[in-house]
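A.B. asks: Using this note's numbering, you'd call the opening residue of the sequence shown number 155 and step up by one each time.
For every residue, glycine included, the Cβ atom is placed at its ideal position computed from N, Cα and C.
Here's a structure for you.
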Amino acid sequence: MNKRAQAAVETLMIYGVTIFIVMLAIGALIGFGVIDLGRLLPDKCDISNALSCENYNVGSSNVQLELKNILSKNIQAFVVDIEGEGNDIGIWNCDPGQYGALDIDGDNLYTGAGEFDAGNGILVNGVISDVVSLNNCDIQVPSGRKINGLITLHVWPVGSKINQTVTGTIRATVS
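Right, here's the structure in full:
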């Protein structure tokens, strides 16, 4: 009986150590980027409130978004900026995109990079925007690979000089 127990314990130890070594090897391959588990995750674009991602495309030189107004108010303008998240910090390098005209009573309220044009008009509640482009991107990820980012939106409702800041995340395949 004692030899059987010893054989069982030795078998469990051998298989346990073998499984542990295999797990360490897989972890090392993932850590050094040989195996990319991120490509198995689906593309997504989530924004907390005010706007929702309806359609999006990430290319090596620009990002295009179609956003739906879910703020319950009409929006006169918004600014979109995307920064890298996690291991992707610093690899988006896009100019902010804008929608609508932001000049209220002669005051240009947006103090970030870029200027507004008046081409888009008001984004009515429940309506999808025209394509908003973030141009001059230098996305440093090869085509076909996933990229992660944090979306920051500054939203100005109609008649308001105060903006609301909305954040979200994006994970997309670079085309």
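#1: Nearest to Ser206 by alpha carbon, out of Leu191, Ser226 and Asn247?
#2: Mind checking which residues open and close the beta strand (DSSP E) that includes Ala326?
#3: Would you tell me roughly how many angstroms separate the C-alpha atoms of Thr265 and His308, rounded to the nearest one?
#4: Could you tell me the alpha carbon to alpha carbon distance between Leu221 and Gly185, rounded to whole angstroms?
#5: Rounded to a whole number of angstroms, what is the C-alpha to C-alpha distance between Leu178 and Ser329?
#6: Give me, in chain order, the residues of the same chain whose beta-carbon lies closer than 6 Å to that of Gly218; leave out the 5 immediate sequence neighbours on both sides.
#7: Using only alpha-carbon positions, find the residue among Leu304, Gly254, Thr172 and Asn302 that is nearest to Ser283.
#8: Should Ile293 be labelled buried (16 or more other beta-carbon atoms within 10 Å of its own) or exposed?
#9: Nearest-angstrom Cα distance between Leu191 and Leu183?
#10: Specify the secondary structure class of Leu225 as computed by DSSP and reduced to three states.
C.D. replies: If we stick to the structure as given:
#1: Ser226
#2: From DSSP, the beta strand (DSSP E) with Ala326 extends over Gln318 to Thr327.
#3: Residue confidence for Thr265 is low, a pLDDT of 44 falling below 50, so the modelled location carries little weight; the figure read from the coordinates is stated next. Distance between the alpha carbons of Thr265 and His308 is about 11 Å.
#4: In a straight line, the C-alpha of Leu221 is about 35 Å away from that of Gly185.
#5: 33 Å
#6: Residue identity check: residue 218 is Gln in the sequence provided, not Gly. The answer, listed in chain order, is Asn211, Val285 and Ser287.
#7: When each option's Cα is compared against that of Ser283, the closest is Gly254.
#8: buried
#9: 11 Å
#10: coil
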